[in-house]
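A.B. asks: As numbered in full-length UniProt numbering, residues 1 to 218 make up the sequence shown, in order.
Glycine is no exception: its CB is placed at the ideal position from the N, C-alpha and C atoms.
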Amino acid sequence: MIKWGVIGLGNMGQKFANSIKETDNAKLVAISSLNSEKLKTFKNNFQIDKKFVFNNYNDLVECDEIDAVYIATLNNTHLDLIKMCAENKKNILCEKPMSLNIEEAKVAANHIKKFNIIFYEAIAYTSHTQTKNFINLINEKSIGKIHSVHSTFGFKVKKINPKSRIFNKSLGGGAILDIGSYPLSFLNLICKNNENIEFKSAKGSFSITDIDDSAEAN
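#1: For my contact list, Ile92 and Ile66 are in at a C-beta cut-off of 8 Å; report their separation, rounded to the angstrom.
#2: Would Asn75 be called buried (16 or more neighbouring beta carbons within 10 Å of its own) or exposed?
#3: For Ala202, count neighbouring Cβ atoms within 10 angstroms of its own Cβ and tell me buried if that reaches 16, exposed if not.
#4: Just to confirm, is the Cβ distance from Lys96 to Ser181 under 9 Å?
#5: By Cβ distance below 6 Å, which residues in the same chain neighbour Gly174 in space, the five residues on each side in sequence not counted?
#6: Which value, in whole angstroms, describes the spacing of the CA atoms of Ile135 and Ile20?
#7: Out of curiosity, what's the CA-to-CA distance linking Ile7 and His147?
#8: Do you know offhand how far Ala122's Cα is from Cys94's?
#9: For Leu100, which residues of its own chain have a beta-carbon under 6 Å away from its beta-carbon, when the five flanking residues on both sides are left out?
#10: Leaving out five residues before and five after Lys38 in sequence, what residues of the same chain have Cβ atoms less than 6 Å from its Cβ?
#11: Going by C-alpha to C-alpha distance, which of Asn218, Glu22 and Ser127 sits closest to Leu189?
#12: Among all the DSSP beta bridges, which residues are the ones paired with Asn91?
#13: How would you call Asp178, buried or exposed, if buried means at least 16 neighbouring beta carbons within 10 angstroms?
#14: Could you compute how far the alpha carbon of Leu28 sits from the alpha carbon of Ser214?
#15: From this set, Cys85, Lys43, Lys40 and Thr41, which residue's C-alpha is nearest Asn58's C-alpha?
#16: Using the Cβ count rule (16 or more neighbours within 10 Å means buried), how would you classify Phe16?
Printed below as a string of structure tokens:
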């Protein structure tokens, strides 16, 4: 039985907590948020013992009653929380993206390796059965050799609140950090043994809040 703690009680934290209820090998034990109202609501909805309800993140990761932590906070907080969890020997499931840039990713990876913990970036489709079957077909060369990959992913933003975190650069907003991980992770899955991938060009556009609202790489 894996005993979980959740940091960040927004939409994804809620979905994760509901999902745990559908399993027989995991239990939600502890929660942490800087928002007292969310803490109260979450505690009541998921019957969390009050001694495992924390209004700061450090107390949760130091809790001896949990084995793993789900990080569901804003993108710009992920690196510090990964380091904090690793230093306290807590295995991690972190919402994508794990970091804001390659430098942060290297720091996170070094911490994960140094403290010998299990780390997963929460990109759900990678664990779907159809994805695994497709990768097996490629590895078995059942559908031939890969010559090129064309992948697109996006959504309309006109109806999204302009104050949303996806439009805020300081919070790690923008198209690449929000959804770029989907096509890029897929490329990595199917071409991870191919050393002949060529990067030719990149382009994109920026919004009035200075975040990338579109991006393209070839």
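C.D. replies: According to the structure shown:
#1: Within the sequence shown, the letter at position 92 stands for residue 92. Within the sequence shown, the letter at position 66 stands for residue 66. Taking 8 Å as the upper bound for CB-CB distance, Ile92 and Ile66 are not in contact here, some 11 Å apart.
#2: Walking along the sequence shown from the start, residue 75 turns up at place 75. Around the beta carbon of Asn75, 16 or more other beta carbons sit within 10 angstroms, so the residue counts as buried.
#3: Numbered from its first residue, the sequence shown carries residue 202 at position 202. Burial call: exposed.
#4: The count along the sequence shown starts at 1 and reaches residue 96 at position 96. The count along the sequence shown starts at 1 and reaches residue 181 at position 181. In this structure, Lys96 sits near Ser181, with a CB-CB distance shorter than 9 Å.
#5: The residue you call residue 174 lines up with position 174 of the sequence shown. Excluding its 5 nearest sequence neighbours in each direction, Gly174 has C-beta neighbours in its own chain below 6 Å: Ile211 and Asp212, listed in chain order.
#6: Taking the first residue of the sequence shown as position 1, residue 135 is located at position 135. Taking the first residue of the sequence shown as position 1, residue 20 is located at position 20. The straight-line gap from Cα to Cα measures roughly 27 Å.
#7: As a first step, residue 7 is located in the sequence shown; it is residue number 7 there, counting from the start. As a first step, residue 147 is located in the sequence shown; it is residue number 147 there, counting from the start. Distance between the alpha carbons of Ile7 and His147 is about 42 Å.
#8: Within the sequence shown, the letter at position 122 stands for residue 122. Within the sequence shown, the letter at position 94 stands for residue 94. Answer to the nearest angstrom: the Cα atoms are 6 Å apart.
#9: For the purposes of this step, residue 100 is taken as residue 100 along the sequence shown, with counting starting at 1. Here the set comprises Gly172.
#10: Stepping through the sequence shown from its first residue, residue 38 is reached at position 38. Here the set comprises Leu9.
#11: The residue you call residue 189 lines up with position 189 of the sequence shown. Looking at the Cα atoms, Ser127 is the closest of the given residues.
#12: Taking the sequence shown and counting its residues from 1, the one referred to as residue 91 is at position 91. Ala68.
#13: Reading the sequence shown from its first residue, position 178 is the one you call residue 178. Label assigned to Asp178: buried.
#14: Along the sequence shown, one-based indexing puts residue 28 at 28. Along the sequence shown, one-based indexing puts residue 214 at 214. The alpha-carbon separation between Leu28 and Ser214 amounts to approximately 37 Å.
#15: The residue labelled residue 58 in the question sits at position 58 within the sequence shown. For the options Cys85, Lys43, Lys40 and Thr41, the alpha carbon positioned closest to that of Asn58 is the one of Cys85.
#16: Here the question's residue 16 lines up with position 16 in the sequence shown. Buried is the call here.
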